[in-house]
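Chains A and L supply the protein sequences, listed in that same order.
So the first sequence is numbered by the working numbering: it starts at 183 and just counts up by one.
So the second sequence is numbered by the working numbering: it starts at 9 and just counts up by one.
Glycine included, every Cβ here is placed at the ideal spot set by N, Cα and C.
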Amino acid sequence: MSAVESATEIRSFQVEFPDEALDDLRRRLAAVRWPTKELVDDRSQGVQLATAQALARYWARDYDWARCAERLNALPQFTTEIDGVDVHFIHVRSQHENALPLIMTHGWPGSVIELLETVGPLTDPTAHGGTAEDAFHLVLPSLPGYGFSGQPTEIGWDLGRTARAWAELMRRLGYTRYVAQGGDVGAGVTDAMGRQAPEGLIGIHTNLLVPALGGPMPTNTDEERAAAAQIATFRQSGNGYFVEMASRPQTIGYALLDSPVALAAWMADHDTDAYYKIAAAFVDGEPSGNLTPDHILDNITVYWLTGTGASAARSYWEAYGADAPAARLQPLPPPTIPFGFTTFPGEIWRTPRSWVEASYPNVVYFNEVDRGGHFAAWEEPELLSEELRAAFRSLR
Amino acid sequence: MSAVESATEIRSFQVEFPDEALDDLRRRLAAVRWPSGELVDDRSQGVQLATMQALARYWARDYDWGRCAERLNALPQFTTEIDGVDVHFIHVESRHENALPLIMTHGWPGSVIELLETVGPLTDPTAHGGTAEDAFHLVLPSVPGYGFSGKPTELGWDSGRTARAWPELMRRLGYTRYVAQGGDVGAAVSDAMGRIAPEGLVAVHTNLFVPGLAGIPLPENTDEERAARAQGAAFRATGFGYFLEQATRPETIGYALLDSPVALAAWMLDHDTDAYYKIASAFVDGKPSGNLTRDHILDNITVYWLTGTGESAARSYWESGQAQARAKAAGQAPPPMSLPFGFTTFPGEIVKTPRSWVEAAYPNVVYFNEVDRGGHFAAWEEPQLFSEELRAAFRSLR
């Protein structure tokens, strides 16, 4: 085998960590030094002490990583080196021959864990309320620097570079006609893929409206003004994590590698809707949909065991940092390929149809659903899967 | 003794931590899980791995907290409850009877450790190149939530509330005519004291230009003014993450600051560019800038660690942010400061403040000087120079 063949080789992958790593995690959880309690009765000072303590208790006493590892290892997992980074991905082919290939990308603070519950509905629709015509061949990559993918060892892994890597991944898998989907950072990657329009990509769907973070959107209707106000609130009091990761990922990285409760708190402090859902799962035992204590900890434990807190934070520096090479790039024009969008009501801002149409010239699908938030695929996997069936139906 | 007397009582204080706390710190330092290294060769992704590893190595192997505790305990330290919080302070009276009382306030990520080297020059000037007429009686309080002061257990401890507590402290100490000084958060407290103008306060000096943070319009006509404006913009563009996180989510970052000594150290090192490189140089190259030595830097970090005040100190940013937002919503500008005001520009500060800005923001500037060295932690880095500035700034007010 030549060096070139070996580099592009697709290798089977299994998740495996030594027991010592889990023992060490439990030791740290047993030795946490807690801060004093917040002085408010909501999340306005950050992740509440009762939430963090309930999470740590469950993590130390009840949580079973082996269940998650088994679940991952029951899926076909692979790695392949693309552009210098080992990319991990789950690849589930549907039994239905005419299934549409779909590459779906997680976000931050997520991982492939967010997307696992969609595997059944998307690849095996006839067992999940759909028809054979709804089937997808599903590719779920881990972003470079996240989870089981390698950590970039050079700067330049912005959203556009990942988007180019995904097109190469689909090419290696032999897919010549496929669609792409994502939320959060995954929406950023998917949006970039649409703009790059690689051969074979025929449509994209996101559940976070990426252009709304880049500039002003129309504010003529009540709905538009409400969405603009939500973004303003986020910028005023909810984007500390975002600014820190975009400017000083290494600094926060020390915390994310060395302290499991620091990591868990940093990850739980995303948007308001998701925070309260996660808090309810741990404190009140009332999870929202699939956002259960076990699933939330599966995701956090992936960050812990892979030690990817700093490298994932670094992806914000690459994508949004003023000092990153990407800050000097001209943005590509909006994608002309077909675009679909679903508004989930709990998202940071509830995106109006008008904003989607103002952002993308070729909107083939828009829908607003009645439940789910920022982690739509994770929280409401059936509903998100139904949205993807509907969004891509016209492109089959 | 009645309850009221007991609450306002001034009690002697000594620093003391169980050995177990230091053993635990060393255990944690021996078990650090490090991230992969930054991908740049400067601080633009944050505190560099080589800096952190050199710091952690020194902290675990060479650093002696006992030396710092002894040094603190050799100074007269006290606590007294003010407005529901136990306030810790160092109080060194000069042997010179006509000494001017001075309350000097540290900032974040600081503590009284920043100010210790000024005690000699300020209270005993004849032994430090000055005259008896330069002497100060020195009061160095720990800000509520910081170091050896208590942590507020209710909302509302913004800089303004601390600025109201300090005159009460000076009153309890029997000072009827005094001055105030501060940098960083201490500058905000001192600035607020000046605007409140409590009885007895005769003048204020700062070494951080507080009105610049409030976003008031400032002249941009000269190269110097434009350069200062650009420094402020650069800080807001890339140097502001810690500030924003502490002002919005102190509890979230608090978990890291309490549970991981390297998380705490990195968070505290990642302040301004000038100070970061000086600290990195102290640890990596063994070349400290002035008094910013490895031991002194770790004295300060170890105070945060042992007192477990990372989160409560961060919360002080949240409080000040809330107070500013309330004032803005109410359309309230801070009252002007009519008291005599002095300012020293240290060249390494985040913004090298022009005299014109100081005069635009304060109506009664009695002293301005720009010195040739020192940065954000001026009192800490250049205690002798800093002390000379205070002598000069307050000379006309004695």
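C-beta neighbour in chain A for residue i, strict 9 Å
i	result
E28/L	no
E53/L	A small correction: the amino acid at residue 53/L is Gln; Glu does not occupy that position in the sequence shown. Judged by the 9 Å Cβ criterion, Q53/L is in contact with chain A.
G318/L	yes
R41/L	yes
E253/L	yes
V270/L	yes
G45/L	yes
V48/L	yes
K159/L	yes
S10/L	Annotation note: pLDDT 48 at S10/L (below 50); position unreliable, coordinate value reported separately. Output row for S10/L: interface = no.
Q239/L	no
Y263/L	yes
Sheet register partners of residue i (DSSP bridge)
i	result
H145/L	P109/L
L282/A	F318/A
V267/A	I264/A
V187/L	L110/L and A211/L
R399/L	Partner(s): none; R399/L has no beta bridge.
E378/L	T353/L
H273/A	V321/A
Q259/A	I272/A
R193/A	T261/A
L473/A	S470/A
F526/A	Beta-bridge pairing links F526/A to no other residue.
D549/A	Residue identity check: residue 549/A is Asn in the sequence provided, not Asp. According to DSSP, N549/A bridges with T524/A.
T287/A	G364/A
R19/L	T87/L
V538/A	According to DSSP, which records beta bridges pairwise, V538/A is partnered with nothing at all.
V373/L	F349/L
Pick from the options that is closest to residue i, judged by C-alpha positions
i	options	result
V197/A	W247/A, P217/A, S226/A and T218/A	W247/A
H145/L	E232/L, V100/L and N81/L	V100/L
R417/A	G435/A, A394/A, Q432/A and D404/A	A394/A
G342/A	G329/A, T372/A and E468/A	T372/A
D306/A	R578/A, R571/A, A379/A and L577/A	R571/A
T433/A	G262/L, L266/L and G249/L	G249/L
F25/L	H384/L, Y312/L, S346/L and R403/L	Y312/L
P225/L	E259/L, L405/L, E367/L and V147/L	E367/L
A315/L	F156/L, L181/L and E141/L	Correcting the residue type first, residue 315/L is Thr in the shown sequence and not Ala. For the residues F156/L, L181/L and E141/L, the minimum Cα distance to T315/L belongs to F156/L.
S161/A	D340/A, R346/A, I337/A and H270/A	There is no way to answer for residue 161/A, as the model of chain A reaches only from 183 to 578.
P342/L	V48/L, V218/L, L57/L and E28/L	V218/L
D476/A	S276/A, A236/A and D505/A	A236/A
P534/A	E564/A, A408/A and L514/A	A408/A
P84/L	S20/L, I305/L, Q330/L and N372/L	S20/L
N389/A	L257/A, W499/A, A428/A and G289/A	G289/A
A242/L	Q254/L, M276/L, A271/L and T281/L	T281/L
Chain L contact for residue i (CB, 9 Å cutoff)
i	result
N481/A	no
I413/A	no
A236/A	no
E336/A	yes
A185/A	Reliability of the predicted coordinates at A185/A is poor, the pLDDT of 47 falling under 50, and the value obtained from them is presented with this limitation in mind. Not closer than 9 Å to any Cβ of chain L, the Cβ of A185/A fails to qualify, so no.
Q333/A	yes
V197/A	no
P200/A	no
V222/A	yes
R578/A	no
D455/A	no
G292/A	no
Y436/A	yes
E263/A	no
heavy atom of the ligand MG below 8 Å from residue i C-beta
i	result
P258/A	Absence of the ligand MG from the depicted structure is noted, as is the absence of any ligand whatsoever, leaving it without description.
Whole alpha helix (DSSP H) elements within the segment 290–342 of chain L, 4-residue minimum:
302–315 and 318–337
In chain order, each beta strand (DSSP E) run of at least 3 residues that lies wholly inside the segment 332–417 of chain A
360–364 and 383–388
Return the chain-ordered ranges of every beta strand (DSSP E) run that is complete within the segment 56–143 of chain L and spans a minimum of 3 residues.
85–90, 93–100 and 108–113
Which complete alpha helix (DSSP H) runs does the segment 206–265 of chain A hold, if anything under 4 residues is left out?
231–243 and 247–255
Would you check if there are 3 or more beta carbon pairs closer than 8 Å linking the segment 251–265 of chain L to the segment 229–236 of chain A?
yes
Count the C-beta pairs between the segment 340–347 of chain L and the segment 202–219 of chain L that are closer than 8 Å, then say yes if the count reaches three, no if not.
yes
Could you pull out every unbroken beta strand (DSSP E) segment of at least 3 residues lying fully inside the segment 423–482 of chain A, listed in chain order?
none
Could you check whether the segment 333–341 of chain A touches the segment 310–319 of chain A, counting it as contact only if at least three pairs of C-beta atoms, one from each stretch, sit closer than 8 Å?
no
Between the segment 492–503 of chain A and the segment 425–444 of chain A, do at least 3 Cβ pairs fall closer than 8 Å?
yes
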